[in-house]
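Just so you know, the sequences run in chain order A and B. Residues are numbered in my numbering as their position in the first sequence, beginning at 1, plus a constant of 13. Residues are numbered in my numbering as their position in the second sequence, beginning at 1, plus a constant of 296. Reviewing the structure listed below.
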Amino acid sequence: MELDEAVSIGLELGADFIDIREQEILATSIEIVDGTVRTLSTGKKRGYGIRSFCKGAWGFSVTHGSSKGLLRKAIEDSVRLAKLSGSVKKERFDLEGRSYEGKAKTPRIEVPSSVSVEEKLKTAIEFEKSARIDERIKNVTVRYNDVVFFERVANSFGTRVEQEISRVNSYVFVYASEAGVTERAFESIGGTVGFEILRGEKAATMGEKAARRAVELLKAKSAPSGSYKAILDQKLAGIFIHEAFGHATEADSVLAKMSVLEGRIGEQVGSELVNVVDDPTLPNLYGSYPFDDEGTPSKRKYLVKEGVLIGFMHSLETSSRMGQECTGNGRAMSYSSPPMVRMSNTFITKGDWKFEELVEDIDEGIYAKGGLYGYTEPSKGQFMFKAEEGWLIRKGELVERLREVAIAGMTLEVLHNIDAVADDLEMRIGHCGKGGQWVPTTAGSPHIRVKKMTFGGLR
Amino acid sequence: MNKEELLGFGEMTVKKAVSEGADQAEAFLYEGRLLSISVEKGEIKKAESIVEKGIGVRIAIGNKIGFSYSTDFDEADVVAKRAFQNARASPPDPDFRSFPGPTEFTRVERLFDKKIAELEVKDASELIKEMVESAKVDRRVYSIGGAFFSTAGTIAVLNSLGTERADSLTQIYIYAYVSAKDGDEMSSGYEFNQGRHLAEINPKWVGEEAAKLAIDSLGAIRIETGYYDVVIDPVAMPSFVGFIVSSAANAENVQYGRSFLAGRLEKKIAREEISIFDDGTIPGAYASVSFDGEGVSTSRTPIILNGVLKSYIHNSYTAGKAGVESTGNASRSYDSLPSIDSHNVILDAKGLETKREELLDLRRGILFKETGDRPNLANGEFSGLMSSAFLIENGEVTKGLKEAGFGVNLLDFLTKIDLAGDDIRQVGSTISPSCRIRGMRVAGK
């Protein structure tokens, strides 16, 4: 069945709106642990995600069969679910949107599917070896993943979009131990690119970099707790801006009254030094895409300019409900999940301070680096992040290495307390989870300095 | 598709792989349906019916392993071939022994509820409406969100050594996330029910409790940094007890030296009154299954017995490497190789049990309800933020706490439990009472 026909069937069955996504996903994953290949997997998934809309509510169904009968049944299911939800809905709205047509392919030199598994294995094994810097390195895990998505999106506005997206990532995790103390560190690389990304210098030195850090952390002290002046490195500030702030600018959380930013457009939400951008159009970055999974072309937008909240990120639904332009942030993990408002490449833009200048002015403080994971409470605007490591700062000098630093606070308080932004923007790959769906993103920032930050440690 | 049909596809695939030249072959198949309904601002927002299915094939040529998967059962022979090619390309794994042969057949009852498998979206929407209505307890309730999920699916695992298992399972989960607002101040509350049977769900209770928690959290204060007696609620226990079994006692983490429990077998690591079990055999329980992701029958495994670390949890690979029997903890989906995960994790602290009120009988302490945080696997240090916590004053739960950080080592946790409550609850996989810890570091203002 052609997608045009599927869309017509949905409308005939009574949907106010319908979209259908056809995807084929080819993936390879490799895991190497301590020199042994533990996973060498290749696979294929293929299916349809069908979404219908009736009077303010959605129905969604998934099928794997491409036979006419199975597809028709899935369309019927989808419309039936939408009608059922719509029938009890008091708050109704109409979907509005433009139609787009286009074909795109993300730039890549070596399509992952054209590289042999032997070659991929060889590369991953090299990464593993590069982390073996001395006998204190006890455990090294290397992960390699590539995926090629073929996607067609059609909807009842008339959108007909086709795209092919190729992504590659690799991680090196290192555990070092000495005298009963074990520490960990990791490095990652990835992009919306081809296999070529793993042939550069950055990839080749990833293992050694993680290993050196894990070894250095063996001598680190536990972090103090309490309130300190703080510097966050690019990785941690990136996680902060993605998790604590970015999610609050997703319009679905605003509409669900789960965002501390509701009703604050035009308000000063941070210090004048702060600019925040979400940009899926940047070439090669891991969170980039030509069209979102609703078929809307991607675009760059400011979320915060000079500390003022400029706008939210939107899907077709949220832009319709809030009467704002759709920003092309409707993303789905695969055909088996419906699109939601999601970030792409989200970052604090660079300022004009040098890192040394940030440190110089601090009498007593903490320099927190890297990120293991984080947690936020979006309606309260509260967050907690676990940084990989840190340094104690005294009289403008980094004096003592710290392990596992936890930072916590209120997001907007922290944004207001940023008193310096450095000029050294860096982006890191990530996999952002929301509503059970994981999508590739990058988060970034320069070094930032915060006047006051709560640290939770063991001493 | 029923069990027999899945087994039929599996058998064909295993045969095909062996005829290609595989020394051992294994097929894992799944087909199931997920039904979900989500609520936003007190109204049904979307309903989903998702079919998930696929086949994964694992091949061994000597001790070279390869894997492949597809969502298309009709491509089973192509998948077998790709897995075979991957095995050929792979270097040998010196620690691989064998896929597991057939184990003694045991069957855990009451893991499937026909009522869930046949549930119509209309019935589910009635449940969720009831939950929403019961959350409207107070004018300060500002927004009600939540969701309903049910799954019904069939799993089949077969291998060329004669393992052949199939079973159908259901699960159901419902939650409410309520925010409350008073003036400029906002707070939230979360509550849920889970089970393998429709009857285990009480939407009214879920709605009321989430709303109550949100309201009670209004007027939250910051607490002074210091050492406090802390009562850890069962809802926070997956991060403590659950983590100890699923991650720290996970044999893969132990063998690779990633876990602080490595090298501690037969050592005393907890109070004598404390035992922790991994148990996949409890009839009707949320995390029970008859067999694991490799077709090995599940069991009740003592992890900590009377304070002494007795066992790790294994799949066939880690068991082979350690020279022990698999504990039946292979965790699996069709598109991945077996990893290791816990079944039901049970904290048994009967020797310390008392009424919940007695646990709370503190002059000044903290009730720790929830954290989004997890411990450091390498050293057992656990520090982070309590996402939901309350102050206890003179035996009464009084005010909500905000921005309360905490720090404790899991080994200290196991030795510092001084009392356990009579309020045993299953949260995810973890079945535990509340536990009181004397002197936990809490960071505030």
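Here a beta-carbon is modelled for each residue, glycine too, at the ideal position from N, C-alpha and C.
Segment limits, alpha helix (DSSP H) that includes residue i
i                 : result
MET219 of chain A : 214-230
ALA400 of chain A : Where ALA400 of chain A is concerned, there is no enclosing alpha helix (DSSP H), although the beta strand (DSSP E) it sits in stretches over 395-407.
GLN551 of chain B : 547-551
PHE258 of chain A : Here PHE258 of chain A belongs to no alpha helix (DSSP H), and DSSP marks it neither H nor E.
TRP501 of chain B : 499-512
GLN176 of chain A : Run containing GLN176 of chain A: none in the alpha helix (DSSP H); it sits in the beta strand (DSSP E), 173-191.
GLU426 of chain A : 424-429
Proximal residues to residue i (C-beta, below 8 Å), its chain only, five neighbours per side dropped
i                 : result
GLY508 of chain B : The question names Gly, but residue 508 of chain B in the sequence shown is Lys. Closer than 8 Å at the Cβ level, and outside the excluded window around LYS508 of chain B, lie VAL433, GLY485.
THR76 of chain A  : GLY60, TYR61, ILE63, LEU83, LEU84, LYS86, ALA87
TRP451 of chain A : MET346, HIS444, CYS445
LEU471 of chain A : Only weak support exists for where LEU471 of chain A lies, its pLDDT of 43 falling under 50; the value from the coordinates is given anyway. These residues qualify, in order along the chain: SER235, ALA236, SER238.
VAL92 of chain A  : GLY23, LEU26, GLY27, ALA28, ILE31, SER65, CYS67, GLY72
VAL273 of chain A : ALA261, PRO391, SER392, LYS393, GLY394, THR424, LEU425
HIS255 of chain A : MET356, THR359, GLY443, CYS445, THR454, ALA456
Proximal residues of chain B, C-beta to C-beta of residue i below 9 Å
i                 : result
SER190 of chain A : GLY553, ALA674
SER65 of chain A  : Going along chain B, no residue has its Cβ under 9 Å from SER65 of chain A, so there is no contact; the nearest lies around 10 Å.
PHE325 of chain A : Going along chain B, no residue has its Cβ under 9 Å from PHE325 of chain A, so there is no contact; the nearest lies around 16 Å.
ALA233 of chain A : Residues of chain B passing the Cβ test: none, with the nearest at roughly 11 Å.
PHE106 of chain A : Neighbours of PHE106 of chain A on chain B: none; closest Cβ ~11 Å, over 9 Å.
Nearest-angstrom Cβ-Cβ length linking residue i and residue j, presumed shorter than 8 Å
i                 : j                 : result
LEU94 of chain A  : GLY78 of chain A  : Actually they are not in contact, since the Cβ atoms of LEU94 of chain A and GLY78 of chain A sit about 18 Å apart, beyond 8 Å.
ALA167 of chain A : VAL228 of chain A : No, ALA167 of chain A and VAL228 of chain A are not in contact; Cβ-Cβ is about 54 Å, not under 8 Å.
ILE662 of chain B : ALA685 of chain B : 6 Å
LYS367 of chain A : LEU438 of chain A : About 13 Å separates the two Cβ atoms, so there is no contact after all.
SER179 of chain A : ARG121 of chain A : 5 Å
Spatial neighbours of residue i in its chain, beta-carbon cut-off 6 Å, leaving aside the 5 residues before and after
i                 : result
LEU303 of chain B : ALA452, ALA462
LYS312 of chain B : ASP373, ALA376
MET397 of chain A : TYR388, ALA421
PHE587 of chain B : ARG461, SER593
ASN359 of chain B : PRO388, ASP389, PHE392
SER430 of chain B : LYS500, GLY503, GLU504
LYS465 of chain A : SER240, ASN430
SER74 of chain A  : ILE63, ALA87, ASP90, SER91
GLY717 of chain B : ARG652, LEU655, PRO729, SER730
GLY589 of chain B : ALA626, SER627, ARG628, PRO634
Nonlocal neighbours in the same chain, by C-beta distance under 7 Å from residue i, ignoring five residues either side
i                 : result
ASP409 of chain B : THR466, ARG492, HIS493, LEU494
GLY458 of chain B : GLY397, PRO398
Residue i - containing beta strand (DSSP E), residue span
i                 : result
GLY491 of chain B : 481-491
LYS447 of chain A : 439-447
TYR365 of chain B : 360-366
ASN168 of chain A : 150-168
GLU37 of chain A  : 30-46
PHE360 of chain A : 358-361
PHE709 of chain B : Run containing PHE709 of chain B: none in the beta strand (DSSP E); it sits in the alpha helix (DSSP H), 706-712.
ILE244 of chain A : 239-245
ILE662 of chain B : 660-667
SER464 of chain B : 460-478
Contact list for residue i against chain A, beta-carbon separation under 8 Å
i                 : result
ARG560 of chain B : Those do not exist, as ARG560 of chain B stays about 12 Å from chain A at its closest Cβ, beyond 8 Å.
LYS341 of chain B : ALA70, TRP71, SER98
SER464 of chain B : Neighbours of SER464 of chain B on chain A: none; closest Cβ ~19 Å, over 8 Å.
Cβ-heavy atom distance, residue i to the ligand FMN, below 8 Å
i                 : result
ILE440 of chain B : Among the components modelled here there is no ligand, and therefore nothing to report on the ligand FMN.
Contact list for residue i against chain A, beta-carbon separation under 9 Å
i                 : result
ASP631 of chain B : ALA40, SER54, GLY56, LYS58
Under 7 Å by beta carbon: chain A residues contacting residue i
i                 : result
PRO387 of chain B : VAL50
THR378 of chain B : The displayed chain sequence assigns Arg, not Thr, to residue 378 of chain B. In chain order: THR55.
PHE536 of chain B : Correct list: empty, because the minimum Cβ distance to chain A is about 16 Å.
GLY680 of chain B : MET397, LYS399, ALA419, GLY469
GLY362 of chain B : LEU53
MET482 of chain B : SER392, LYS393
ASP391 of chain B : THR49
ASP512 of chain B : Those within 7 Å of ASP512 of chain B in chain A number zero; the least Cβ separation is about 14 Å.
Contacts that residue i makes with chain B (C-beta to C-beta distance below 8 Å)
i                 : result
ASN152 of chain A : TYR552, GLY553, ARG554
Chain B contact residues for residue i, given Cβ-Cβ distances below 7 Å
i                 : result
ARG197 of chain A : ALA674
THR76 of chain A  : VAL347
### Task
With 7 Å as the limit, tell me which residues of the segment 385-396 of chain A have their beta carbon closer than that to any beta carbon of chain B; keep them in chain order.
Along the segment 385-396 of chain A, going in chain order, the ones with a CB nearer than 7 Å to a CB of chain B are TYR388, GLU390, SER392, LYS393, GLN395.
### Task
Determine which residues of the segment 269-296 of chain A have a Cβ less than 8 Å from any Cβ of chain B, and write them out in chain order.
ALA269, LYS270, MET271, VAL273
### Task
Below 7 Å between beta carbons is the criterion; list the residues of the segment 409-439 of chain B that meet it against any residue of chain A, in chain order.
VAL417, LYS418, SER421, TYR438, SER439
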